[in-house]
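Notes follow once the structure below has been shown.
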Amino acid sequence: MLDNPSLIYEGPDDHNHTLARPRAPLVLLHDGGGTTFSYHLLDPMDRPVWAIYNARLDEGGYWEGGIPQMAAHYIELIGGVLPEGGEILLGGWSLGGMLALEMAWQLANRPPPTTTSKPRFTVIGMIFIDSVYPKRLGELRGNAMPSPSAQPIVKTAEELKAMKLREKVDLNMTHARLMVGRWEMPDWPGREGEVPPTVLLRAKELVVEAEEERKGGSEVGAGVVDKKQEEGERGPVVKKSFVDYTRDFKMLGWDEYSEARGGFIKKVVDIEGHHFSIFKTEHLEDVTNKIIAAAKFLDEPNF
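All the letters of the sequence shown, read from the start, carry residue numbers 1 to 303 under the UniProt record's numbering.
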């Protein structure tokens, strides 16, 4: 297994003193499938890039404390590789954007630093890569969402050991949807204007049935829940993938949540492909360049 966090790119040598301060590292959180494979496909960037995979990937990806417990653990992992703390950018694809939001909230609520305190981080911005707003998704999908009483799938150690990575990814996805359904999203009461500024990268296309077996990344299989064809009056109709229920909203459903918290989503940028093809070879240059541009917008270099 890779180190967790794993350093994807070290970034440029900032010791040449052309910048008044170093570029903030970008920390990318895993998607619902638990892996960070897609981030390792990105082209080099102009800053350090770290990736965090689900620390319980091989155990099925379920956390009893849900999204907040995951976020708290990942904050500790970041502290282990960046012991001096400082400014950071958080982001991720799909679930990764939600984890970034929870981590930003927890970091904003840490007590003031002391001589014995853990590394102090300031989240100066977030990059959501086609992360949909989960509550709006729940409203639109209704009964298709996991029941609040749904329980995690329990596997024995022997069963987990025998599972292939693809099977573990599918199990992680199931548990991710379960945990997101139970997540109490950060409210930022009285501090609505303190949510870090965010750039939302939004896939241009819809997932279509022809792509069902060709989706890339670790969320493979996650979007086929509603993808069977039905015969309608005008011929075959392809039902929407769950990732496209909010596609008609410019902010993928985040509109009201963002507006109520100071309009923290500052930009929405279209990226090539659909949710599951963002990191395909033909789209890598586009998504890399737009992540770089988003990071520069949030962390403008000072010369």
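Here a beta-carbon is modelled for each residue, glycine too, at the ideal position from N, C-alpha and C.
Please read all numbers here as calculations on a predicted model, not as lab measurements.
For V180, the enclosing alpha helix (DSSP H) has its first and last residue at 165-182. For S258, the enclosing alpha helix (DSSP H) starts and ends at 255-259. In the structure shown, T35 falls within a coil segment according to DSSP collapsed to helix, strand and coil. With a threshold of 16 other beta carbon atoms within 10 Å, M1 falls short and is exposed.
By the neighbour-count criterion, in which 16 or more other beta carbons inside 10 Å mark a residue as buried, V208 falls on the exposed side. Uninterrupted beta strand (DSSP E) stretches at least 3 residues long and entirely within the stretch 262-300 occur at 265-271, given in chain order. Taking the Cα positions, A72 is about 23 Å away from K168. Closest option to S241, judged by alpha-carbon separation, among H274, N289, L99: H274. Under the three-pair Cβ rule at 8 Å, the stretch 119-131 does not count as touching the stretch 152-161. Between the stretch 128-140 and the stretch 90-100, the count of C-beta pairs closer than 8 Å reaches three or more; the two stretches touch.
Under the DSSP assignment, Y74 falls outside any beta strand (DSSP E), being part of the alpha helix (DSSP H) whose first and last residues are 66-81.
The three-state secondary structure of R120, taken from DSSP, is coil. Between the stretch 177-195 and the stretch 38-50, the count of Cβ pairs shorter than 8 Å is below three; the stretches do not touch. Classified as exposed, T281 has fewer than 16 neighbouring CB atoms from the shown chains inside 10 Å of its CB. W105 carries a helical assignment under DSSP once its states are collapsed to helix, strand and coil.
Fewer than three beta-carbon pairs drawn from the stretch 261-271 and the stretch 171-180 are found closer than 8 Å, and the two stretches are therefore not classed as touching. Membership of A157 in the alpha helix (DSSP H) is indicated by the continuous run 157-162.
Note: G92 is bridge-paired with L29, F128 in the DSSP secondary-structure output. DSSP places R136 in the helix class (H, G or I) of the three-state scheme. Per the C-alpha coordinates, the member of V27, F249, L57 positioned closest to K164 is L57.
Rounded to the nearest angstrom, the gap between the Cα atoms of I88 and T288 is 18 Å. In the same chain as K266, and ignoring 5 residues on each side of it, the C-beta atoms closer than 7 Å to its own belong to P197, T198, V199, in chain order. Residue burial is scored here from C-beta neighbours: E285 has fewer than 16 other C-beta atoms within 10 angstroms and is therefore classed as exposed. Residue environment analysis places A162 among the exposed positions, since fewer than 16 neighbouring C-beta atoms fall within 10 angstroms of its C-beta.
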